[in-house]
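Okay, so here's the structure we're looking at.
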Amino acid sequence: MLASSSSFKIPESVLVVIYTPQLDVLLIERVGQSGFWQSVTGSLDSLDEPLAHTALREVREETGIAAQPEQLRDWSLVNVYDIYPAWRHRYAPGVSRNTEHVFGLRVPTPCAVTLSPHEHGAWQWLPYRQAAETCFSPSNAEAILLLPRFLP
5 MLASSSSFKI
15 PESVLVVIYT
25 PQLDVLLIER
35 VGQSGFWQSV
45 TGSLDSLDEP
55 LAHTALREVR
65 EETGIAAQPE
75 QLRDWSLVNV
85 YDIYPAWRHR
95 YAPGVSRNTE
105 HVFGLRVPTP
115 CAVTLSPHEH
125 GAWQWLPYRQ
135 AAETCFSPSN
145 AEAILLLPRF
155 LP
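Here the sequence shown stands for residues 5 to 156, numbered as in the working numbering.
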């Protein structure tokens, strides 16, 4: 939140591509929006919340995966995009663009996840190219296609 009395979202967020060593990628589908498959995303809770903390918090909230900081890698990629009109009401008046910071989270194998039922209703692991084709967000798809560049 911008301040304790505000309920507006901060227009700064994270995108976390969760993947395995075999380049399988986890996608989650938004509730009430059939076909809106995406990686984990989420906004900062406060202006002083570190981006890595936001990423790990969102992964835990949206998937139940309790990742460790050493599993998370900041890809040093930033996307700035127009907020979808359907979601603009969540932001302060006049806010129409969001800044998104991209992270990768490597997990050993595809695992079952526990979704946040008010946000997501389904999940799947897909080979990275197929995952990119399945994403509704162009910036999410682009991040997934860059995955091989960020392997250790």
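Here a beta-carbon is modelled for each residue, glycine too, at the ideal position from N, C-alpha and C.
message: Could you compute how far the alpha carbon of residue 27 sits from the alpha carbon of residue 86?
response: For the purposes of this step, residue 27 is taken as the residue at position 23 of the sequence shown. For the purposes of this step, residue 86 is taken as the residue at position 82 of the sequence shown. Looking at the backbone, the Cα of residue 27 and that of residue 86 are separated by about 29 Å.
- request: Write down every uninterrupted run of the alpha helix (DSSP H) in the region 72–122 whose length is 4 residues or greater and which is fully enclosed by it, in chain order.
  value: For the region 72–122, not a single whole alpha helix (DSSP H) run of length 4 or above is found.
message: Buried or exposed, going by whether 16 or more other CB atoms sit within 10 Å of the CB of residue 72?
response: Residue mapping note: residue 72 aligns to position 68 of the sequence shown, counting from 1. Around the beta carbon of residue 72, a 10 Å sphere encloses fewer than 16 other beta carbons of the protein chains shown; the residue is thus reported as exposed.
field: Beta-carbon contacts of residue 79 that lie in its chain and below 7 Å, excluding the five residues immediately before and after
entry: Here the question's residue 79 lines up with position 75 in the sequence shown. Excluding sequence neighbours, residue 79 sits near 106, 107, 108 and 154.
message: Just to confirm before moving on: does the CB-CB distance between residue 14 and residue 51 stay below 8 Å?
response: Your numbering for residue 14 matches position 10 in the sequence shown. Your numbering for residue 51 matches position 47 in the sequence shown. The answer is yes: Cβ separation under 8 Å.
- prompt: Along the chain, where does the alpha helix (DSSP H) that runs through residue 128 open and close?
  reply: Working through the sequence shown from its first residue, we reach residue 128 at position 124. Under the DSSP assignment, residue 128 falls outside any alpha helix (DSSP H), being part of the beta strand (DSSP E) whose first and last residues are 124–131.
Counted within 10 angstroms of its Cβ, other Cβ atoms place residue 115 as buried (16 or more) or exposed: Counted from its first residue, the sequence shown places residue 115 at position 111. Its Cβ having fewer than 16 others within 10 Å, residue 115 is exposed.
message: Could you tell me the alpha carbon to alpha carbon distance between residue 129 and residue 67, rounded to whole angstroms?
response: Looking up residue 129 in the sequence shown gives position 125. Looking up residue 67 in the sequence shown gives position 63. For residue 129 and residue 67, the distance between alpha carbons rounds to 13 Å.
Buried versus exposed call for residue 37 [16 or more other C-beta atoms within 10 Å across all chains shown]: Taking the first residue of the sequence shown as position 1, residue 37 is located at position 33. Per the 10 Å Cβ criterion, exposed.
- request: Whole angstroms is fine: what's the gap from residue 70's alpha carbon to residue 92's?
  value: Taking the first residue of the sequence shown as 1, we reach residue 70 at position 66. Taking the first residue of the sequence shown as 1, we reach residue 92 at position 88. Cα to Cα, the separation comes out at about 30 Å.
- prompt: Is the distance from the Cβ of residue 139 to the Cβ of residue 31 below 8 Å?
  reply: Taking the sequence shown and counting its residues from 1, one reaches residue 139 at position 135. Taking the sequence shown and counting its residues from 1, one reaches residue 31 at position 27. Yes, they are a contact pair.
Test item: CB-CB of residue 132 and residue 35 under 8 Å: Here residue 132 refers to the residue found at position 128 of the sequence shown. Here residue 35 refers to the residue found at position 31 of the sequence shown. Cβ atoms of residue 132 and residue 35: not closer than 8 Å.
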